[in-house]
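Participant:
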Amino acid sequence: MLTRRIREDDQKPPPDTQILLAILFAGGIIPGRVSRDREIFMPEKVIVLGGDGFCGWPTALHLSAQGRDVLIVDNLSRRKIDVELGCDSLTPIATMEDRLEAWREVSGREIRFAKIDLAQDPSALLKLLKTERPGGVVHFAEQRAAPYSMKSSAHKIYTVNNNVNATNNLLCAIVESGLDVHLVHLGTMGVYGYDSSGKPIPEGYLTVTANGKEREIPYPPSPGSIYHMTKVLDAQMFAFYARNDLLRITDLHQGIVWGTNTKETSADERLINRFDYDGDYGTVLNRFLMQGAIGHPLTVHGSGGQKRAFIHIRNTVECVRLALENPPGRGDRVEIFNQVTETHTVRDLAAIVSKKTGVEIRHLRNPRIEVEENDLAVTNDKFMKLGLNPVTLEEGLLDEVISVARKYADRCDPSRILSTSKWRADIEIDERIEESVSPL
Ligand SMILES: NC(=O)c1ccc[n+]([C@@H]2O[C@H](COP(=O)([O-])OP(=O)(O)OC[C@H]3O[C@@H](n4cnc5c(N)ncnc54)[C@H](O)[C@@H]3O)[C@@H](O)[C@H]2O)c1
3 MLTRRIREDD QKPPPDTQIL LAILFAGGII PGRVSRDREI FMPEKVIVLG GDGFCGWPTA
63 LHLSAQGRDV LIVDNLSRRK IDVELGCDSL TPIATMEDRL EAWREVSGRE IRFAKIDLAQ
123 DPSALLKLLK TERPGGVVHF AEQRAAPYSM KSSAHKIYTV NNNVNATNNL LCAIVESGLD
183 VHLVHLGTMG VYGYDSSGKP IPEGYLTVTA NGKEREIPYP PSPGSIYHMT KVLDAQMFAF
243 YARNDLLRIT DLHQGIVWGT NTKETSADER LINRFDYDGD YGTVLNRFLM QGAIGHPLTV
303 HGSGGQKRAF IHIRNTVECV RLALENPPGR GDRVEIFNQV TETHTVRDLA AIVSKKTGVE
363 IRHLRNPRIE VEENDLAVTN DKFMKLGLNP VTLEEGLLDE VISVARKYAD RCDPSRILST
423 SKWRADIEID ERIEESVSPL
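Residue numbers for the sequence shown follow my numbering, so the first one is 3 and each next one is one higher.
In structure tokens:
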């Protein structure tokens, strides 16, 4: 693995670390960074796949700001989908060239970019891995919107082909490269489903007793859309390659991300992060904040009793770094973290935003097939133990998102706000806000 082991304080390994170093080098591993309290492996070079996206861009900047050599790979498909949907990011995102130039000016650091389609061009990916020899690869590069994945057969086929092939091509390339790379993948809490079992959802594995013997099995998946189904398929592939090829893999089961900017993206207007507000890509809390900012009724699907897990974008970038610093061993099962900080019902979120902005709540017919009243408790002990500092709704960052939304309100196309994707052809939906049900 292309990482270097140094102590954070004096950069000199203590005697017991020297023994460990010898073991690691003997195993072909070039170790990473070690802190005084615990071992931290931080790869010097990290490839961020999907680094032009909402989570990938701020993560690439964060890792670069932390001193890593970062290379972004993206096929810019998300920008093409903006064109297909006729709806831009609310924030005016710069071209990749301008983004990287701005980062160079602001930080003095270089982030490189390679335009590669992971699903279509496995040989370019393999060549890149062989040339760059990264210690870590962060995989954000998938079609990530559930409503988009349910729009039509063509969208279902695209989502499955894109996501499954991207992940399998990546895993094949890592094996063929012969590198000991730590792969960190962005999965979703949605793989667990929302049929409440009454117990907190553990981090990936469930302890069961069969024939008097206790064992851990992968938590039974229950995907609620084609997009979520691809993440379940990803998980199967990870389990296979970790077992068969001894790959080091971490799968982050992430909650719904809210917020826009991080410390790094706020440093220059050209570094601004994307902000999706439309019915396909906008995620629930950001959508409400944006709707509140422009005086559009807050659009709740059904009763709003759907409870979901959330995380602020600043915590997303921190979690990815923490995950990179703590790789599983070769031959270990896939490491799974629940990347969430809090849970709320959609109804409660709408009430919070309505109180803040004075905008009314509208209940729309639900275009999705989902349980409309569920309980949800999630364990996030692993990240908490690693020192995650949760940014919660109380932290005042709701106002920051509202002010970003107000600043760029003139870029909003209100006709794109309602979700028109439905989970089955026979589902009736509200296509205009005037049709929607009055507040409950
Ligand atoms: N945003 C959220 O709330 C959220 C929540 C849970 C999990 N996630 C996961 O995090 C990851 C990133 O999400 P995001 O919100 O940044 O999405 P995004 O759509 O903004 O970013 C994804 C990026 O990947 C690129 N990409 C897609 N397919 C590609 C391919 N075949 N080759 C190369 N590049 C490709 C896109 O162009 C885009 O820039 C996704 O895998 C998603 O499932 C996101």
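For each residue, glycine too, the CB sits at the ideal point set by N, CA and C. Computed from a prediction, not measured in an experiment: that's the story for all the values here.
#1: Between the region 49-62 and the region 76-91, do three or more beta carbon pairs fall short of 8 Å?
#2: Of all the options R316, G226, V177, which has the alpha carbon lying nearest to the alpha carbon of A148?
#3: Would you decide whether L248 is buried or exposed? Buried here means 16 or more other CB atoms lie within 10 Å of its CB.
#4: Where in the region 146-204 do unbroken runs of the alpha helix (DSSP H), each at least 4 residues long, occur, reported from the N-terminal end onward?
#5: From F312 to E103, what does the alpha carbon distance come to, in whole angstroms?
#6: CB of Q308 to nearest heavy atom of ligand 1: below 6 Å?
#7: Figure out for me which residue from I203, S198, H141, V193 has the closest Cα to the Cα of I176.
#8: Verify the contact flag: Q68, CB atom, against every heavy atom of ligand 3, threshold strictly below 6 Å.
#9: Could you please give the first and the last residue of the uninterrupted alpha helix (DSSP H) stretch that includes L127?
#10: CB of V259 to nearest heavy atom of ligand 1: below 6 Å?
#11: Taking only runs that begin and end inside the region 252-336, name each unbroken beta strand (DSSP E) of 3 or more residues, in chain order.
#12: R413 and A295 look like a contact to me (Cβ under 8 Å); what is the Cβ gap, rounded to whole Å?
#13: Rounded to whole angstroms, what's the CA-CA distance from L181 to A241? Just pull it up for me.
#14: Find out if the Cβ-Cβ distance for the pair T169, M231 is shorter than 7 Å.
#15: Would you mind sorting D90 into buried or exposed? The rule is 16 or more other CB atoms within 10 Å of its CB.
#16: Name the DSSP beta bridge partners of E375, please?
#17: Pick helix, strand or coil for Q68, following the three-state DSSP scheme.
#18: With a CB to CB cut of under 8 Å and the five nearest residues on each side skipped, what residues in its chain are close to S356?
#19: Buried or exposed for T325, please, with buried defined as at least 16 other CB atoms from any protein chain shown within 10 angstroms of its CB.
#20: Distance, Cα to Cα, K82 vs G88?
#21: Shorter than 6 Å, the distance from the beta carbon of L395 to the closest heavy atom of ligand 1, or not?
#22: Is D76 helix, strand or coil by DSSP?
#23: Does the beta-carbon of E144, which I'm using as the reference point, lie nearer than 6 Å to any heavy atom of ligand 1?
#24: At the level of alpha carbons, what is the spacing between L120 and H255?
#25: Return the CA-CA distance between D100 and Y243, expressed in angstroms with no decimal places.
#26: In whole angstroms, what separates the C-alpha of N382 from that of L65?
#27: Just to confirm, is the Cβ distance from K210 to I219 under 7 Å?
#28: Which class does T93 belong to by DSSP, given the choice of helix, strand or coil?
#29: Can you tell which of V322, L235, T93 has the C-alpha that lies nearest to the C-alpha of V48?
#30: DSSP three-state call for G34: helix, strand or coil?
#31: What did DSSP end up calling R114 once you bin it into helix, strand or coil?
#32: Within 10 angstroms of the Cβ of T133, are there 16 or more other Cβ atoms? Answer buried if so, exposed if not.
#33: How would you label R370, buried or exposed, when you count the other beta carbons within 10 angstroms and need 16 or more for buried?
#34: Whose CA, out of I338, H365, G333, T97, lies closest to the CA of V453?
#35: Using 8 Å as the threshold, is the region 336-343 in touch with the region 372-389, meaning 3 or more CB pairs across them?
#36: Around the C-beta of M386, are 16 or more other C-beta atoms found within 10 angstroms, so that it is buried, or is it exposed?
Facilitator: Let's see:
#1: Flag = yes, the region 49-62 and the region 76-91 touch.
#2: For the purposes of this step, residue 148 is taken as residue 146 along the sequence shown, with counting starting at 1. Among R316, G226, V177, the Cα nearest to that of A148 belongs to G226.
#3: Walking along the sequence shown from the start, residue 248 turns up at place 246. Looking at its Cβ environment, which holds fewer than 16 other Cβ atoms inside 10 Å, L248 is exposed.
#4: Given a length threshold of 4 residues, each whole run of the alpha helix (DSSP H) inside the region 146-204 is given here in chain order: 148-151, 155-179.
#5: One-based indexing of the sequence shown puts residue 312 at position 310. One-based indexing of the sequence shown puts residue 103 at position 101. Distance between the alpha carbons of F312 and E103: 32 Å.
#6: Stepping through the sequence shown from its first residue, residue 308 is reached at position 306. Not so, every heavy atom of ligand 1 lies at least 6 Å from the Cβ.
#7: For the purposes of this step, residue 176 is taken as the residue at position 174 of the sequence shown. With distances taken between Cα atoms, I176 lies closest to H141.
#8: With respect to small molecules bound, the structure shown includes ligand 1 and not ligand 3.
#9: Stepping through the sequence shown from its first residue, residue 127 is reached at position 125. Under the DSSP assignment, L127 falls in the alpha helix (DSSP H) whose first and last residues are 124-134.
#10: Reading the sequence shown from its first residue, position 257 is the one you call residue 259. Within the cutoff, so yes.
#11: 258-260, 300-303, 309-314
#12: By 1-based counting over the sequence shown, the position of residue 413 is 411. By 1-based counting over the sequence shown, the position of residue 295 is 293. Actually they are not in contact, since the Cβ atoms of R413 and A295 sit about 12 Å apart, beyond 8 Å.
#13: Translated into positions along the sequence shown, residue 181 becomes position 179. Translated into positions along the sequence shown, residue 241 becomes position 239. Looking at the two C-alpha atoms, the distance is approximately 18 Å.
#14: Within the sequence shown, residue 169 is the residue found at index 167, counting from 1. Within the sequence shown, residue 231 is the residue found at index 229, counting from 1. Taking 7 Å as the cut-off, the beta carbon of T169 is found no closer than this to the beta carbon of M231.
#15: Start at 1 with the first residue of the sequence shown, and residue 90 comes out as number 88. Counting other Cβ atoms within 10 Å of its Cβ, D90 reaches 16 or more and is therefore classed as buried.
#16: Residue 375 sits at position 373 when you count from the first residue of the sequence shown. DSSP lists G307 as partners of E375.
#17: If you number the sequence shown from 1, residue 68 lands on position 66. Of the three classes helix, strand and coil, the one that applies to Q68 here is coil, per DSSP.
#18: Along the sequence shown, one-based indexing puts residue 356 at 354. Around S356: G294, L300, E362, I363.
#19: Working through the sequence shown from its first residue, we reach residue 325 at position 323. Residue identity differs from the one stated: residue 325 is Ala in this sequence, not Thr. It counts as buried.
#20: In the sequence shown, the residue the question calls residue 82 occupies position 80. In the sequence shown, the residue the question calls residue 88 occupies position 86. C-alpha separation (whole angstroms): 10 Å.
#21: Here residue 395 corresponds to residue number 393 of the sequence shown, with the count starting at 1. Flag unset: Cβ of L395 not near ligand 1.
#22: If you number the sequence shown from 1, residue 76 lands on position 74. Looking at D76 - three-state DSSP - the assignment turns out to be strand.
#23: Here residue 144 refers to the residue found at position 142 when the sequence shown is read from its first residue. Yes, since a heavy atom of ligand 1 falls inside the 6 Å radius drawn around the Cβ of E144.
#24: For this step, residue 120 is matched to residue 118 along the sequence shown. For this step, residue 255 is matched to residue 253 along the sequence shown. Their backbone Cα atoms lie some 21 Å apart in a straight line.
#25: Here residue 100 corresponds to residue number 98 of the sequence shown, with the count starting at 1. Here residue 243 corresponds to residue number 241 of the sequence shown, with the count starting at 1. Their Cα atoms are separated by approximately 37 Å.
#26: Translated into positions along the sequence shown, residue 382 becomes position 380. Translated into positions along the sequence shown, residue 65 becomes position 63. Whole-angstrom Cα-Cα distance: 22 Å.
#27: Start at 1 with the first residue of the sequence shown, and residue 210 comes out as number 208. Start at 1 with the first residue of the sequence shown, and residue 219 comes out as number 217. A small correction: the amino acid at residue 210 is Val; Lys does not occupy that position in the sequence shown. Yes, the pair counts as a contact, with Cβ atoms nearer than the cut-off.
#28: On the sequence shown, residue 93 is found 91 positions in, with the first residue counted as 1. Assignment of T93 by DSSP, reduced to helix, strand and coil, places it in the coil class.
#29: Within the sequence shown, numbered from 1, the residue matching residue 48 stands at position 46. Among V322, L235, T93, the Cα nearest to that of V48 belongs to V322.
#30: Here residue 34 refers to the residue found at position 32 when the sequence shown is read from its first residue. The predicted position of G34 is uncertain, since its pLDDT is 40 and thus under 50; a value taken from the coordinates is nonetheless stated next. The answer is coil: DSSP assigns G34 none of H, G, I, E or B.
#31: For the purposes of this step, residue 114 is taken as the residue at position 112 of the sequence shown. It is a strand residue.
#32: As a first step, residue 133 is located in the sequence shown; it is residue number 131 there, counting from the start. The residue is exposed, with fewer than 16 neighbouring Cβ atoms inside 10 Å.
#33: Against the sequence shown, residue 370 aligns to sequence position 368. By the neighbour-count rule (16 or more Cβ atoms within 10 Å), R370 is buried.
#34: Residue 453 is absent from the model: the chain starts at 3 and stops at 442.
#35: yes
#36: Along the sequence shown, read from residue 1 onward, the residue named residue 386 stands at position 384. That one is exposed.
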